[in-house]
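Heads up, the sequence shown is in the working numbering, so the first residue is 255 and it goes up one at a time. The beta-carbon is built from N, C-alpha and C at its ideal position, and this holds for glycine as well. The structure displayed is predicted, hence computed values, not measured ones. Reviewing the structure listed below.
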Amino acid sequence: PRPPTASHHGATHTFHIPPTLHHHLHELARTTNTSLFMILQAATATLLTRLGAGTDIPLGTPIAGRTDHTLDHLIGFFVNTLVLRTDTSANPTFHQLLHRIRHTNLTAYDHQDLPFDQLVELLNPTRSMARHPLFQVMLALQSTGRGAFAIGDLEIELEPVDIPTAPFDLTFSLTECHTVEGALDGIHGVVNYATDLFDRESVETLATRLIRILEAATAHPEQPIGDIDLLSPKEREQVLTTWNDTAAPVPDATLPDLFQAQAARTPDNIAIILDDTQLTYAELNTRANQLAHHLISTGTGPEDIIALALPRGIDMITALLAVLKTGAAYLPIDPEHPTDRITHILDDARPTFVITTDTTIGPHLAHIRLAHLRTALGRQPITDPTDSDRTAPLTGSNLAYVIYTSGSTGKPKGAAIPHAAVVNHTSTYGTLPGDRVLQYTSPHFDPAVAETFMALLAGGTLVLPPAERLAGVELVDFLRDEEITHALIPAAVLPGMPVTPLPALRTVLVGGEACPPEALARWSPGRSLFNAYGPTETTIYVTLSGPLEGEAAAPLGRPLPNVRAYVLDERLGPLPVGATGELYIAGLGLGRGYVNRADLTASRFVADPFGLPGSRMYRTGDLVRWRTDGQLEFVGRADHQVKVRGFRIELGEIEAVLGTHPGVRQAVVVVREARPGDKRVVAYVVPTSMDWSGLREFAATRLPDYMVPSAFVELDELPLTANGKVDRQALPAPGAIVVADARGPRSTREEVLCRLFAEVLDLPAVGIDDGFFQLGGHSLLATQLVGRIRSALDVDLSLREVFEHPTVATLSAHLDLEGAATASTAILTLRPGGSRPPLFCVHPATGMGWSFARLLPYIEPDRPLYALQARGLTGNEPLPYSLEEMTRDYIDQIRAVYPSGPYHLLGWSFGGTMAHAMASELQDKGEEVGLLAMLDSFPSSVMRAKQPSEAEIVADVMYDLGGNPELIDRDQLAALVAVFQNNVRLVETARPRVFQGDLLYFTATLDRPASSRALDLWEEHVAGSVDNYDVPVEHRDLLRDDALTIIGHTVDAKLREIERSSILRADWSGRPWSPTAGSWSPTPSPPTEQAG
255 PRPPTASHHG ATHTFHIPPT LHHHLHELAR TTNTSLFMIL QAATATLLTR LGAGTDIPLG
315 TPIAGRTDHT LDHLIGFFVN TLVLRTDTSA NPTFHQLLHR IRHTNLTAYD HQDLPFDQLV
375 ELLNPTRSMA RHPLFQVMLA LQSTGRGAFA IGDLEIELEP VDIPTAPFDL TFSLTECHTV
435 EGALDGIHGV VNYATDLFDR ESVETLATRL IRILEAATAH PEQPIGDIDL LSPKEREQVL
495 TTWNDTAAPV PDATLPDLFQ AQAARTPDNI AIILDDTQLT YAELNTRANQ LAHHLISTGT
555 GPEDIIALAL PRGIDMITAL LAVLKTGAAY LPIDPEHPTD RITHILDDAR PTFVITTDTT
615 IGPHLAHIRL AHLRTALGRQ PITDPTDSDR TAPLTGSNLA YVIYTSGSTG KPKGAAIPHA
675 AVVNHTSTYG TLPGDRVLQY TSPHFDPAVA ETFMALLAGG TLVLPPAERL AGVELVDFLR
735 DEEITHALIP AAVLPGMPVT PLPALRTVLV GGEACPPEAL ARWSPGRSLF NAYGPTETTI
795 YVTLSGPLEG EAAAPLGRPL PNVRAYVLDE RLGPLPVGAT GELYIAGLGL GRGYVNRADL
855 TASRFVADPF GLPGSRMYRT GDLVRWRTDG QLEFVGRADH QVKVRGFRIE LGEIEAVLGT
915 HPGVRQAVVV VREARPGDKR VVAYVVPTSM DWSGLREFAA TRLPDYMVPS AFVELDELPL
975 TANGKVDRQA LPAPGAIVVA DARGPRSTRE EVLCRLFAEV LDLPAVGIDD GFFQLGGHSL
1035 LATQLVGRIR SALDVDLSLR EVFEHPTVAT LSAHLDLEGA ATASTAILTL RPGGSRPPLF
1095 CVHPATGMGW SFARLLPYIE PDRPLYALQA RGLTGNEPLP YSLEEMTRDY IDQIRAVYPS
1155 GPYHLLGWSF GGTMAHAMAS ELQDKGEEVG LLAMLDSFPS SVMRAKQPSE AEIVADVMYD
1215 LGGNPELIDR DQLAALVAVF QNNVRLVETA RPRVFQGDLL YFTATLDRPA SSRALDLWEE
1275 HVAGSVDNYD VPVEHRDLLR DDALTIIGHT VDAKLREIER SSILRADWSG RPWSPTAGSW
1335 SPTPSPPTEQ AG
């Protein structure tokens, strides 16, 4: 990949065009009234186009700049740079391309005196440190030859020097050679290339292909450039045959045959588990047999389609197996999908009938003959159905299932998959009896097919999760608690899962879209991690990578057994390694096509020119390239189909739905990536004069939730390209979605939640009544939100609760925040991640630590931030008896998070006294204290004279809570008052020690005279220097915005200064600090004479 800043490191490769070809090139130039340079330009442009660079190829070239004859005898450097745009669109013949180039170049030569720098200034292209602004490939031809030069008897020759730099991506420098008699003697070529982008082997191949194009062009100039074969016979054999040599034996059986054989081998093994319910293989097979016999009795058989309108559960798996046993194909339907979508699927597929339960029967199924699952399991035979029972024999060519995917016409389309394709797929699983496979995917998507049979055809256990969505911490907990051994995890979900020891988990498959390398690196140790790729039309996944370690982007991998993969150009010609083309899939994994859509099937399932007569291949629409190791690498899409959070989406379907709204004149839908990995669907709407409000709700009733746009942007008109098409690149980014009159936070709790909502949604601000999902949130972002709220507020929050309480106001009301701290911990995690030593903040006398969350924007993001909160806030814990007891407790808490120093401590008011006591105690234990900071704190001797009344305490507490009495009940207020009074009592008998270090102090100057400054009182308790910063606010406002501008920046700068000094000291002492496991820990170096 191109680095963000070019290093300009380069190397060169030399090659030679033989004299014979040299002659042919001159002959072609003569017959076409062009020049040798134009032929070389046409060949270079053809090469770049065929390798995926597009059809508008800008090439830079040097030109002499001596158009004025008066310069002929003047010594000087007049060379200028021209940018020659080469149009290779519409697949012209090489002859036609030459004439295009001749016209363009002659026009350019007329303006060659325009300085290149001035051209760049006038065009003002977007600047980048990664590339040249106007072109990345330079082409130069030297035709003058080398002149002889001698001084007396001294002969002088030109000796090329290999300079290891590269100003451009590629520079082709060509020099014509001549014999002594002046005859053409070939062309000497040098390719200078950027080593950031190319290796030597790739450049050698480029030069070879350039010569191959020149040979083809001189032999057949009327040949279209798209027909010129870039591959050598060896390369052609490699990409078409060697890398597709995937033949492997396949069981001559159907899915019911394989399951029934497994049930006979392991009848007592647990086949399926959901919560506290489990079935053995014998029990599951019996249930499926009874339902299958009932279905057969209704006339159901091979090539029928039975719809399953069932939620994920044991009933769904039972019905699925039963339908397969009849020989019919099952069609999973999500009962939660919009009525219009379900109705379309049923009308399109025309199933024989629908199996459902009482809870999922809806009005949209009234016209369908229903067979109620629970009443169907009557007194039917429990034996395995055979062909003698079925209406017709069941074979591998019969249909197994139909799954509907998003369609570009605005309606979903049903992919039909036969038994043989699924049976071939099962040969790749490698599961064993006793393995436990998670069914993470909804049964209405095809990865669930792999999950189901990965378990049930191997004697393993299929573990069904609870009904609510699983992600993040909840998913990891489920994997651990259920001892899952195999899991298919969407690539969009894996990054949000905290890494936790999962010794049972041996195999993880990721797929759906590109997975960030850092997530792969975190999850690959200790297990086999693979990347799987495949469209629904080609049976789940068709390529699989080798085991991943996360050092780079995951490849798509190699074709599965009996599957072939072709990377082809627009004319279905095979492309070489490294060239981008469209991926086509052939072989046993291929589905039949689309149900009742012969036209669409014909457009996507095309004849396979490399297979047996009559064979087909599927056009995926994915742009890929071969790697040198025979694995495929994803590049992008050739159409408007996208993957968002693992779901395959046709943007045209969303546009078609929005276009039916009476208030919409035009609609265009795109996917925008607000942040890496955070893809969102955005709709751009040109409204009619009618009201177009409620468009989100309109879409939600017609589209699945994952297809409903996250944002709607109103435009007066859509931007268009020069040829009248919608210019999607010119669509503006959606602005911040913030309600103008949004209510702000009323308490510290709501302030924290508003900040977390805004951070996750990438918005500048969020009101307490703004809905998380209406602002563009989705389930994966909700997972991130849950994790951050858990860390920041130390509450036990589930994903379901966010769906039930999607605003800050409702979520804050739902959480019993003041009682959220558990009895086992007094520490709140405000920012969990980071590689630097954390900052620990100690609460004031109120005992609450939430206010320190306001420090987060000021402290560098790589530093964890924690707040200590007093025991007793819940009213269920004993209060500490002494300041020494509290000190020891708090030290135990911070050591549990961060086992050894340096420790950075900050305290506000009473918390400053505590921080001082903790710092002294830590030093007594041999620990290093880096920072001790206080916000207007008084030594205990002064605090003994400050006995507040209960009314004063209540006033302080209410001020800290934003003055809203609804946020706290009587019992909670009583607990806070008790904590406050106890904290004041603790300092009455405390005797502060002397801290052996410096103190960073902040004085609130607005509510006390200068004579009462506490700063001077600390000098006898601090051995080092005391640095004071006056803050022009009242004491109680030291964690408000005006004060934090001073405090936050000063504390952050001081922490950086301390760590720089620590590193310098470590260099001299031989005791360096090294980052391990996300924190800084001391790593002693062996003593040396020099260190001594």
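(request) Leaving out five residues on either side along the sequence, give the residues of the same chain with a beta carbon under 8 angstroms from the beta carbon of D326. (result) As a working mapping, residue 326 is identified with position 72 in the sequence shown. Hits under 8 angstroms: R320.
(request) Express the C-alpha separation of D439 and L279 in angstroms, rounding to a whole number. (result) Counting from one through the sequence shown, the residue named residue 279 turns up at place 25. Counting from one through the sequence shown, the residue named residue 439 turns up at place 185. Between L279 and D439, the alpha-carbon positions lie close to 12 angstroms from each other.
(message) Which same chain residues end up closer than 7 angstroms to R997 when comparing Cβ atoms and leaving out the 5 residues on each side of it in sequence?
(response) For this step, residue 997 is matched to residue 743 along the sequence shown. A distance below 7 angstroms between beta-carbons, with the five flanking residues on each side excluded, links R997 to the following residues of its chain, in chain order: G1021, I1022, D1023.
(message) Taking the alpha carbon of Y1157 as the reference point, which residue from I1145, G1166, A437 has its own alpha carbon closest?
(response) Translated into positions along the sequence shown, residue 1157 becomes position 903. I1145 is the residue among I1145, G1166, A437 whose C-alpha sits nearest the C-alpha of Y1157.
(request) Only counting runs of 3 or more residues, tell me where the beta strand (DSSP E) segments fall wholly within the region 1114 to 1154, in order along the chain. (result) Within the region 1114 to 1154, the runs of beta strand (DSSP E) at least 3 residues long that lie entirely inside it are, in chain order, 1119 to 1122.
(request) Tell me, to the nearest whole angstrom, how far the beta carbon of A1390 is from that of P813; I am working on the premise that it is less than 8 angstroms. (result) Any property of residue 1390 remains undetermined from this structure, which presents the chain solely from 255 to 1346.
(message) With three or more C-beta pairs closer than 8 angstroms as the rule, is the region 789 to 796 touching the region 864 to 883?
(response) Cβ pair count under 8 angstroms is three or more, so yes.
(request) Indicate the three-state DSSP secondary structure (helix, strand or coil) for T408 in the structure shown. (result) Residue mapping note: residue 408 aligns to position 154 of the sequence shown, counting from 1. The question names Thr, yet the displayed sequence has Leu at residue 408. Strand.
(message) Do T1141 and M1102 have their beta-carbon atoms positioned less than 8 angstroms apart in this structure?
(response) Locating residue 1102 in the sequence shown gives position 848, counting from the first residue. Locating residue 1141 in the sequence shown gives position 887, counting from the first residue. No, they are not a contact pair.
(message) Would you call the region 375 to 390 in contact with the region 350 to 363, where contact means no fewer than 3 C-beta pairs closer than 8 angstroms?
(response) Verdict: no, contact absent.
(message) Taking contact to mean 3 or more Cβ pairs, one atom from each stretch, closer than 8 angstroms, check whether the region 579 to 590 and the region 646 to 662 are in contact.
(response) The region 579 to 590 is in contact with the region 646 to 662.
(request) My understanding is that Q1123 touches A1080, with C-beta atoms under 8 angstroms, so please give their C-beta distance in whole angstroms. (result) As a working mapping, residue 1123 is identified with position 869 in the sequence shown. As a working mapping, residue 1080 is identified with position 826 in the sequence shown. The pair is a contact, with the Cβ atoms about 5 angstroms apart (cut-off 8 angstroms).
(message) Less than 6 angstroms between C-beta atoms, sequence neighbours within five positions excluded: which residues of the same chain meet that for D700?
(response) Locating residue 700 in the sequence shown gives position 446, where the first residue counts as 1. I657, T790, I794, listed in sequence order.
(message) DSSP has T340 in a bridge; who is on the other side?
(response) In the sequence shown, the residue the question calls residue 340 occupies position 86. Under DSSP, the beta-bridge partners assigned to T340 are I311.
(request) Answer yes if the region 1043 to 1058 comes into contact with the region 1083 to 1102, meaning at least three C-beta pairs across the two stretches below 8 angstroms, and no otherwise. (result) As far as the Cβ criterion goes, the region 1083 to 1102 touches the region 1043 to 1058, which means the pair count is three or higher.
(request) Would you tell me roughly how many angstroms separate the C-alpha atoms of L710 and A954, rounded to the nearest one? (result) Taking the sequence shown and counting its residues from 1, one reaches residue 710 at position 456. Taking the sequence shown and counting its residues from 1, one reaches residue 954 at position 700. Roughly 36 angstroms separates the two Cα atoms.
(message) What does the alpha-carbon distance come out to for the pair G264 and A1307?
(response) Here residue 264 refers to the residue found at position 10 of the sequence shown. Here residue 1307 refers to the residue found at position 1053 of the sequence shown. Distance between the alpha carbons of G264 and A1307 is about 40 angstroms.
(request) Please list, in chain order, all residues of the same chain as G567 whose beta carbon is under 7 angstroms from its beta carbon, the five residues on each side excluded. (result) The residue given as residue 567 occupies position 313 in the sequence shown. If we look at G567 and ignore the five residues flanking it on each side, its Cβ neighbours are L528, L718.
(message) Considering Cα atoms alone, identify which of L969, M871, S964, G906 is closest to V918.
(response) In the sequence shown, the residue the question calls residue 918 occupies position 664. Comparing alpha-carbon positions, the option among L969, M871, S964, G906 lying closest to V918 turns out to be L969.
(message) Extract the residue ranges of the alpha helix (DSSP H) inside the region 866 to 953, only unbroken runs of 4 or more that lie entirely within it.
(response) 905 to 913, all fully within the region 866 to 953.
(message) Can you look up V993 in the DSSP assignment and give me helix, strand or coil?
(response) Start at 1 with the first residue of the sequence shown, and residue 993 comes out as number 739. Note that V993 scores a pLDDT of 37, beneath 50, so its modelled location is shaky and nothing firm can be said.
(message) With three or more beta-carbon pairs closer than 8 angstroms as the criterion, would you say the region 1131 to 1138 touches the region 1234 to 1251?
(response) The region 1131 to 1138 makes contact with the region 1234 to 1251; the number of CB pairs closer than 8 angstroms reaches 3 or more.
(request) Give the straight-line distance between the Cα atoms of A563 and R541, rounded to the nearest whole angstrom. (result) Here residue 563 refers to the residue found at position 309 when the sequence shown is read from its first residue. Here residue 541 refers to the residue found at position 287 when the sequence shown is read from its first residue. Rounded to whole angstroms, A563 to R541 spans 18 angstroms at the Cα level.
(request) Going by CA-CA distance only, name the one from A965, V391, G906, G553 that's closest to T303. (result) Indexing the sequence shown from 1 puts residue 303 at position 49. Considering only A965, V391, G906, G553, the residue with the shortest C-alpha distance to T303 is V391.
(request) Note down the Cα distance separating T433 from Q372, rounded to an integer number of angstroms. (result) Within the sequence shown, numbered from 1, the residue matching residue 433 stands at position 179. Within the sequence shown, numbered from 1, the residue matching residue 372 stands at position 118. Going from the Cα of T433 to the Cα of Q372 covers about 41 angstroms.
(message) Please classify S1265 as buried or exposed, where buried requires at least 16 other C-beta atoms within 10 Å of its C-beta.
(response) The residue given as residue 1265 occupies position 1011 in the sequence shown. In this prediction, S1265 scores a pLDDT of 46, lower than 50, which makes its location untrustworthy; the coordinate-derived value is nonetheless stated afterwards. Exposed.
(message) I'd like the list of long-range same chain contacts for C1095, defined as Cβ closer than 6 angstroms, with 5 residues on each side in sequence excluded.
(response) Stepping through the sequence shown from its first residue, residue 1095 is reached at position 841. Result list for C1095: F1106, A1121, L1160, in chain order.
(message) Going by DSSP in three states, Q532 sits in which element: helix, strand or coil?
(response) Walking along the sequence shown from the start, residue 532 turns up at place 278. DSSP places Q532 in strand when its eight states are reduced to three.
(message) I need the DSSP call for E836, collapsed to helix, strand or coil.
(response) Here the question's residue 836 lines up with position 582 in the sequence shown. Correct three-state label for E836: strand.
(message) For L275 and S486, I'd like the C-alpha separation in whole angstroms.
(response) Indexing the sequence shown from 1 puts residue 275 at position 21. Indexing the sequence shown from 1 puts residue 486 at position 232. Spanning the two alpha carbons is a distance of roughly 18 angstroms.
(message) Less than 6 angstroms between C-beta atoms, sequence neighbours within five positions excluded: which residues of the same chain meet that for P830?
(response) Within the sequence shown, numbered from 1, the residue matching residue 830 stands at position 576. If we look at P830 and ignore the five residues flanking it on each side, its Cβ neighbours are L484, L485, E489.
(request) Tell me whether P639 is buried or exposed, calling it buried when 16 or more other Cβ atoms sit within 10 Å of its Cβ. (result) Position 385 of the sequence shown, counting from 1, holds the residue named residue 639. P639 comes out buried.
(message) Measuring straight from C-alpha to C-alpha, what distance separates L1176 and S261?
(response) As a position in the sequence shown, residue 1176 is number 922, starting the count at 1. As a position in the sequence shown, residue 261 is number 7, starting the count at 1. Taking the straight line from one Cα to the other gives about 48 angstroms.
(message) Which runs of the alpha helix (DSSP H) at least 4 residues long sit entirely within the region 669 to 706? Give them in chain order.
(response) Contiguous alpha helix (DSSP H) elements confined to the region 669 to 706 occur at 673 to 680, taking only those with 4 or more residues.
(request) Would you identify the three-state DSSP class for L1082, choosing helix, strand or coil? (result) Here the question's residue 1082 lines up with position 828 in the sequence shown. In the structure shown, L1082 adopts extended strand secondary structure according to DSSP, grouped into three states.
(message) Classify L802: buried if its beta carbon has 16 or more other beta carbons within 10 angstroms, exposed otherwise.
(response) Residue numbering aside, residue 802 sits at position 548 when the sequence shown is read from its first letter. Taking all protein chains in view, the Cβ of L802 is crowded by 16 or more other Cβ atoms within 10 Å, so the residue is classified as buried.
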